[in-house]
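In mature numbering (1 follows the signal peptide of the UniProt record, and there is no 0), the protein residues as written are -26 to -1, 1 to 95.
Glycine residues also receive a C-beta, built at the ideal position from the N, C-alpha and C atoms.
Below, the structure written as structure tokens:
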């Protein structure tokens, strides 16, 4: 019984490290995007996922459904882009970098919504 209690003080640290490790695995690095190939296009929002670590949008461009990785929601709100500004069906201009592997995903650097440019990075 003494052996079990000996590890109890380390339990909170162990749980915290597991929590942070899972968050780190869920977040991807920006190295998978090609910063040498800037894409700029207008697209209508088909879907919006407002959440962290990054909000995401789905748009149709050149016959493909693209996932657009946006900024953290707190940053977008602080820069004047509240959740309601990204409504399904709204057209916006997206400037960003495509994934290096050719999949239809874009890391957005900025968006232009209703004539307002919002820097995301």
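Determine the DSSP secondary structure at residue 1, reduced to helix, strand or coil. In the chain shown, residue 1 corresponds to position 27, counting from 1. Note on residue 1: pLDDT 49, under 50, position unreliable in the model; the coordinate value appears next. The answer is coil: DSSP assigns residue 1 none of H, G, I, E or B.
Are residue 79 and residue 22 closer than 8 angstroms when you measure CB to CB? Position 105 of the chain shown holds residue 79. Position 48 of the chain shown holds residue 22. Not in contact: residue 79 and residue 22 (Cβ atoms no closer than 8 angstroms).
Residue 47 - containing alpha helix (DSSP H), residue span: Here residue 47 refers to the residue found at position 73 when the chain shown is read from its first residue. Taken as a continuous stretch (DSSP letters only), the alpha helix (DSSP H) holding residue 47 covers 47 to 52.
If we ignore side chains and look at the alpha-carbon of each, how far apart do residue 81 and residue 64 end up? Here residue 81 corresponds to residue number 107 of the chain shown, with the count starting at 1. Here residue 64 corresponds to residue number 90 of the chain shown, with the count starting at 1. If you draw a straight line from the Cα of residue 81 to the Cα of residue 64, it comes to about 19 angstroms.
Starting from residue 72, trace the beta strand (DSSP E) both ways and give me its first and last residue. Along the chain shown, read from residue 1 onward, the residue named residue 72 stands at position 98. For residue 72, the enclosing beta strand (DSSP E) starts and ends at 65 to 72.
Which listed residue (91, 93 and 87) has its alpha carbon closest to that of residue 19: The residue labelled residue 19 in the question sits at position 45 within the chain shown. Comparing Cα-Cα distances from residue 19 to each of 91, 93 and 87, the minimum goes to 87.
Cα-Cα separation between residue 140 and residue 24, rounded to whole angstroms: Given that the chain is displayed from residue -26 to residue 95, the structure contains no residue 140 and the question cannot be resolved.
Given residue 12, which residues of its chain have a CB within under 7 angstroms of its CB, disregarding the five upstream and five downstream residues? What you label residue 12 is simply residue 38 of the chain shown in a count that begins at 1. Once the five neighbours on either side are set aside, the close Cβ partners of residue 12 are 69 and 71.
How about residue 55 and residue 92: are their beta carbons less than 8 angstroms apart? Sequence index remark: in the chain shown, residue 55 carries index 81 (1-based). Sequence index remark: in the chain shown, residue 92 carries index 118 (1-based). For residue 55 and residue 92, yes; Cβs fall inside 8 angstroms.
In the structure shown, what three-state DSSP assignment does residue 59 receive? As a first step, residue 59 is located in the chain shown; it is residue number 85 there, counting from the start. Residue state, collapsed to three classes: helix.
Based on the DSSP output, what are the partners of residue 34 in its beta bridges? The residue given as residue 34 occupies position 60 in the chain shown. Within the DSSP bridge table, the entry for residue 34 names 39 as partners.
Count the other CB atoms, across all protein chains shown, that sit within 10 Å of the CB of residue 33; report buried if there are 16 or more and exposed otherwise. The residue given as residue 33 occupies position 59 in the chain shown. Buried is the call here.
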